[in-house]
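Asks:
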Amino acid sequence: QEEVDEGGKRNQRVVDIILSEWMGYFLLRESMLDSLVRARDIFLKPTTGLMMPSHATMLVAPITDEEERRAQASEYANAMEDWKEFAETTQITYGVDMSV
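Numbering (the numbering used here), first residue to last: -15 to 84.
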């Protein structure tokens, strides 16, 4: 079914239902929401069209994991030490200042 919008532009709005599994990790991780919204705006019938799922709920609860925090801090410290070593080597070998 072709419809004409207010500006006289023809739209192809032929879809009654958009059924999509767009929810990635923490609902938004796979960046599919923008594609789904665009498909809705272009193809879905404006008054009778359905999207499934039509909504989602994110529940967030703060937690702490001291072992994981220590592991992340250690990884960060190691990475920064590697960077310091790289910057010093680059300065000595090539005369390039890589300091931040």
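All C-beta atoms in this analysis are idealised placements derived from N, C-alpha and C, irrespective of residue type, glycine included.
Which residues in the same chain have their Cβ closer than 6 Å to the Cβ of residue 16, if we skip the five residues on either side of it in sequence?
Replies: Contacts found: 6.
Asks: Could you check which residue in 13, 28, 70 and 60 has the C-alpha nearest to that of residue 38?
Replies: Minimum Cα distance to residue 38 is reached at 28.
Asks: Taking the alpha-carbon positions, what's the residue 20 to residue 31 distance?
Replies: Between residue 20 and residue 31, the C-alpha separation is close to 17 Å.
Asks: If you draw a straight line from the C-alpha of residue 57 to the C-alpha of residue 69, how long is it?
Replies: The straight-line gap from Cα to Cα measures roughly 18 Å.
Asks: Rank 43, 1, 26 and 47 by C-alpha distance to the C-alpha of residue 36 and give the top, closest one.
Replies: When each option's Cα is compared against that of residue 36, the closest is 1.
Asks: I'd like the list of long-range same chain contacts for residue 10, defined as Cβ closer than 8 Å, with 5 residues on each side in sequence excluded.
Replies: The answer, listed in chain order, is 42.
Asks: Mind reading off the beta-carbon distance from residue 33 to residue 80? Whole number of angstroms is fine, and I expect it under 8 Å.
Replies: The pair is not a contact, with the Cβ atoms about 58 Å apart (cut-off 8 Å).
Asks: Rounded to whole angstroms, what is the Cα-Cα separation between residue -15 and residue 25?
Replies: Model confidence at residue -15 stands at a pLDDT of 46, short of 50, so the residue's coordinates are unreliable; what they give is reported in the following sentence. Roughly 15 Å between the two C-alpha positions.
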